[in-house]
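In the working numbering, the protein residues as written are 1 to 42.
Glycine included, each C-beta is placed from N, C-alpha and C at the ideal position.
In this text, all values refer to a predicted model and were calculated from it rather than measured experimentally.
Comments concern the structure below.
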Amino acid sequence: MAKTSMKLKQARTPKFSTRAYTRCRLCGRPHSVLRKYGVCRI
1 MAKTSMKLKQ ARTPKFSTRA YTRCRLCGRP HSVLRKYGVC RI
């Protein structure tokens, strides 16, 4: 599970668009997230 601070940090709008990344809506995992569904493979 992701730390609460990391979830909040990701939710903010980044200063530069390239800093944006996907994070799983259920567990907060930053890698292997399916864009279509918004959840990770785990």
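If you check the beta carbons only, do P14 and R23 fall under 7 Å apart?
-> no
Close Cβ partners of S32 (< 6 Å) along its chain, the five nearest in sequence each way excluded | C40, R41
Quick one: measure Cβ to Cβ for A2 and G28, integer angstroms, because I've assumed they're closer than 8 Å.
-> 3 Å
Spatial distance of L34 from R19 (CA atoms) | 18 Å
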